[in-house]
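Student: Provided herewith is a single structure, encoded as structure tokens, for subsequent inquiry.
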Amino acid sequence: MTTAVSGRKRRFGAGSLTVATWILAILFVFPLLWMILTAFKQESDAYTDPPKLFFSPTFDQISGVLKGGFLPYLANSAFVTVVSTLLVLLLGIPAAYALSLAPVKKTKNALSFFLSTKMLPIVAAIIPLYVISQNTNLLDTVWALIILYTSMNLPLAIWMMRSFFLEVPGEMIEAAHIDGANLPTLLRKIIMPVVAPGVAATALICVIFSWTEFFYAVNLTAARAGTVPVFLVGFITSEGLYWAQLSAAALLASLPVMIVGWFAQNHLVRGLSMGAVK
């Protein structure tokens with residue numbers, strides 16, 4: 001009798017947890033689903049009260065966004081995101097290796113310095129950055145954003161990848177040294193295959209941060225180097241919000257990140273869970 005009661009309690013607890021999980025998932029996904037629905041509505045259908053759940057889908061809003069100059073902004077965002085992420089990995093992997101598997105003197109001071117760079121509010125630095133960009137002819141160029149996004153993501157990437165590098169077994173490195181492997185070979189053939197999920201997770205987070213960054217982009221770009229978040233602001237006018245057009249533009253802006261995240265989700269989960277279970 002006791003066993004049957006315990007079994008029912010366990011089943012009830014598991015069922016309650018499943019229901020709660022589904023409710024939370026729906027709450028998190030609902031804004032995205034609503035944005036997708038609104039993107040295929042006419043403006044008149046997007047403003048109804050109560051909202052329309054059944055309507056005739058149309059591609060007019062998406063077509064209007066594409067014809068309204070979205071592609072140059074998309075190209076700028078893609079170029080800035082890819083280049084800055086590659087630079088972060090190029091600089092961050094050797095730094096993470098040096099601060100984990102080959103620690104030098106003052107390692108803690110270096111880590112504290114990297115962390116301290118994230119403590120300055122970006123609002124406090126925008127005026128000096130604007131002046132520097134103007135004096136170096138980088139204002140309204142993608143290269144200014146690439147430099148800023150690289151410096152913005154590099155400290156976080158080093159901290160993340162350092163934790164992944166610490167999970168590499170020391171015996172593997174010792175065996176590689178005994179076999180005569182030099183540093184490039186050690187990184188390429190021994191260490192990188194082990195930490196690849198962590199590096200992929202770091203790269204994905206850098207991509208998301210660069211793609212969605214707004215403050216630097218809106219203040220340091222104008223006509224030539226505007227990114228997708230800057231383009232989205234154009235739908236907020238003094239006449240009000242164009243909900244259907246804004247949803248269509250937001251959907252197109254979100255698709256690249258969602259696609260990358262979908263294909264990299266396994267690496268993201270594996271990377272963020274490295275070291276969680278000993």
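At position 168 of the sequence shown (counting the first as 1) the number is 168 in UniProt numbering, and the numbers step up by one without a gap. All residues carry an ideal CB built from backbone N, CA and C; glycine is no exception.
Under DSSP, the alpha helix (DSSP H) around K108 begins and ends at which residues?
Tutor: 107-116
Student: Can you give me the Cβ contacts of V168 inside the same chain, cut-off strictly under 6 Å, excluding the 5 residues immediately before and after it?
Tutor: I191, V194
Student: Ends of the alpha helix (DSSP H) at Y47?
Tutor: For Y47, there is no enclosing alpha helix (DSSP H), as DSSP marks it with neither H nor E.
Student: Assuming L87 and T150 make a contact with CB atoms under 8 Å, what is their CB distance in whole Å?
Tutor: 5 Å
Student: If distances are taken between C-alpha atoms only, which option among F54, A39, V80 comes closest to D60?
Tutor: A39
Student: Which runs of the alpha helix (DSSP H), 4 residues or longer, sit entirely within the region 197-232?
Tutor: 215-220
Student: On the DSSP letters alone, give me the boundaries of the alpha helix (DSSP H) that E174 sits inside.
Tutor: 170-178
Student: Suppose contacts are defined by Cβ-Cβ distances below 8 Å. Is A203 in contact with L89 by that definition?
Tutor: yes
Student: What is the rounded straight-line gap between the Cα of S247 and the Cα of A110?
Tutor: 43 Å
Student: Report yes if the C-beta distance between T227 and S77 is below 8 Å; otherwise report no.
Tutor: yes
Student: Who are the Cβ neighbours of T212 in its own chain at under 8 Å, not counting the five residues just before and after it?
Tutor: P229, V257, listed in sequence order.
Student: What's the gap between the Cα of F55 and the Cα of K41?
Tutor: C-alpha of F55 to C-alpha of K41: approximately 7 Å in a straight line.
Student: Assuming A96 contacts I158 under a Cβ cut-off of 8 Å, what Cβ separation, rounded to an integer in Å, is found between them?
Tutor: 5 Å
Student: Exposed or buried, S84, counting other C-beta atoms within 10 Å across all chains shown (16 or more means buried)?
Tutor: Buried: at least 16 other Cβ atoms inside 10 Å.
Student: Between V120 and P155, is the Cβ-Cβ spacing less than 8 Å?
Tutor: For clarity, residue 120 is Leu in the given sequence; the question names Val instead. No. Outside cutoff.
Student: Could you tell me the distance, in whole angstroms, from the CA atom of S254 to the CA atom of A200?
Tutor: 19 Å
Student: Can you list, in chain order, the residues of its chain whose CB lies under 7 Å from that of A46, leaving out five sequence neighbours each side?
Tutor: T38, W243, A244
Student: Given this structure, state the Cα-to-Cα distance separating G261 from V29, to the nearest angstrom.
Tutor: 15 Å
Student: What's the gap between the Cα of R20 and the Cα of I26?
Tutor: It is Ala, not Arg, that sits at residue 20 in the sequence shown. C-alpha separation (whole angstroms): 10 Å.
Student: Give me the residue from A217, A249, A264 with the minimum Cα distance to V123.
Tutor: A217
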